[in-house]
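Residue numbers (our numbering): -15 to 369. Even glycine gets a Cβ: it sits at the ideal position worked out from N, Cα and C. Since the structure is predicted, the reported quantities are computational estimates derived from the model, not experimental observations. One structure below.
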Ligand SMILES: Cc1ncc(COP(=O)(O)O)c(C=O)c1O
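Pasting the structure below:
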């Protein structure tokens, strides 16, 4: 049986064109970019070319981009780095975040509160998990040093109005971070229209390699490094840069810029058909997240009286790879924090299913998935009761 992958929000395969771009940097151009000899300088030139490219696509200056090891690290550096830097220069102590942030932001914020005495407030969200600019306006305080609002939520796909939130934060002179790890796979992002000071990316969500990410840091924004040591990455992150992965990230990001329209035109009708048919054919089913303002490849549901993890394994046996809630929570029987926050009772929240499409997903893949899904849900409901 040919297994069909429908979990592209968890990760994507590396595009062959990206693998080809990375190849020489494993063996031929292997120098340490900090070395002064020609081996080092060749590596440095690939590093700086990748940085220029990535910066160009985001509307940033090359000196505003630093490479990290993943989206989680970018989030950690943005939040923790801004918190420690704020404490050094002022008595700002308050962090305002959305309750539907990825755990890389949420848990970093909780740790800052638990271990370092920072105060956190959560922004209100609507039934779709969307943050309103008014909510930001009303919750800013004199001592707020950072607002963090996810661009597109990984579990429910909802997109947030980052540009409008950016406008408010900029007027008040308060830093805004956005985790754009999911959205970067689908849309060109412009840090100036967003008016953000910090923006996190991770390459493996957009057909780049795992183990590499980036953080946009607007010029003038002070962050305390969290990985200390050498002076790499403008002194913001010690460690010898991983040139093949960085080259791969820039190549994959370039392909998103060139191909996003064609990719969206392909997946959007498939996603819409999938959502419509699931809601029509499966009793006690609901779409989670915003019906329109959502990632173009993202369909997420809750089913009453279904064990989501059991459903994933039944689907896997039937030949389909999906996820229940966030991929990071696989095996965790607790209902997802995001769904609980949105008011779903455990009986619904435990039955979540996320189906995320990729550029190579076909109409036939969706047809065969839709054919088996009702039976799989019926089977899981029977097993549970
Ligand atoms: C919105 C969001 N932020 C951050 C991350 C973490 O990225 P990484 O796996 O590159 O650490 C993910 C991954 O699932 C994500 O979806």
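Ligand 2 heavy atom lying under 7 Å from the CB of residue i
i, result
"residue 93", "In terms of ligand content, the structure shown lacks ligand 2 and carries ligand 1 instead."
Distance cut-off 7 Å: residue i Cβ against heavy atoms of ligand 1
i, result
"residue 399", "Since the first residue shown for the chain is -15 and the last is 369, residue 399 is missing from the structure and cannot be characterised."
"residue 59", "yes"
"residue 63", "no"
"residue 192", "no"
"residue 188", "yes"
"residue 181", "no"
"residue 15", "no"
"residue 138", "yes"
"residue 134", "yes"
"residue 54", "yes"
"residue 197", "yes"
"residue 382", "Nothing can be reported for residue 382, as the shown portion of the chain is limited to -15 through 369."
"residue 165", "yes"
Counted within 10 angstroms of its Cβ, other Cβ atoms place residue i as buried (16 or more) or exposed
i, result
"residue 98", "exposed"
"residue 273", "buried"
"residue 199", "buried"
"residue 203", "exposed"
"residue 246", "exposed"
"residue 388", "Residue numbering for the chain in the displayed model covers -15 to 369; residue 388 lies beyond these limits and cannot be assessed."
"residue 327", "exposed"
"residue 85", "buried"
"residue 263", "exposed"
"residue 267", "exposed"
"residue 37", "buried"
"residue 22", "exposed"
Alpha carbon of residue i to alpha carbon of residue j, nearest angstrom
i, j, result
"residue 298", "residue 364", "8 Å"
"residue 275", "residue 147", "20 Å"
"residue 349", "residue 302", "13 Å"
"residue 13", "residue 26", "7 Å"
"residue 260", "residue 345", "18 Å"
"residue 215", "residue 15", "17 Å"
"residue 218", "residue 49", "9 Å"
"residue 249", "residue 100", "47 Å"
"residue 195", "residue 294", "30 Å"
"residue 324", "residue 33", "44 Å"
"residue 311", "residue 20", "Its pLDDT being 44, under 50, residue 311 is placed unreliably in this model, and the value from its coordinates should be taken loosely. Answer to the nearest angstrom: the Cα atoms are 42 Å apart."
"residue 368", "residue 331", "12 Å"
"residue 184", "residue 359", "40 Å"
"residue 73", "residue 60", "20 Å"
"residue 62", "residue -7", "22 Å"
Check your understanding: Do the stretch 1 to 11 and the stretch 216 to 232 meet, that is, are 3 or more Cβ pairs less than 8 Å apart?
Key -> yes
Review point. If we count Cβ pairs, one from each stretch, closer than 8 Å, do we get three or more for the stretch 339 to 356 versus the stretch 148 to 160?
Key: no
Practice item. Would you check if there are 3 or more beta carbon pairs closer than 8 Å linking the stretch 63 to 82 to the stretch 105 to 116? Key: In short, these stretches touch, since the Cβ pair count reaches three.
Check your understanding: Is there contact here, the stretch 62 to 75 with the stretch 188 to 196, by at least three beta-carbon pairs under 8 Å?
Key -> Segments in contact, no.
Review point. Three or more beta-carbon pairs under 8 Å between the stretch 33 to 48 and the stretch 85 to 96, yes or no?
Key: no
Practice item. Spell out a yes or no on whether the stretch 209 to 227 and the stretch 157 to 177 are touching, meaning 3 or more CB-CB pairs, one atom from each, closer than 8 Å. Key: no
Practice item. Evaluate contact between the stretch 205 to 220 and the stretch 124 to 139, counting only Cβ atoms and requiring at least three cross-stretch pairs below 8 Å. Key: no
Practice item. Evaluate contact between the stretch 158 to 172 and the stretch 27 to 35, counting only Cβ atoms and requiring at least three cross-stretch pairs below 8 Å. Key: Segments in contact, no.
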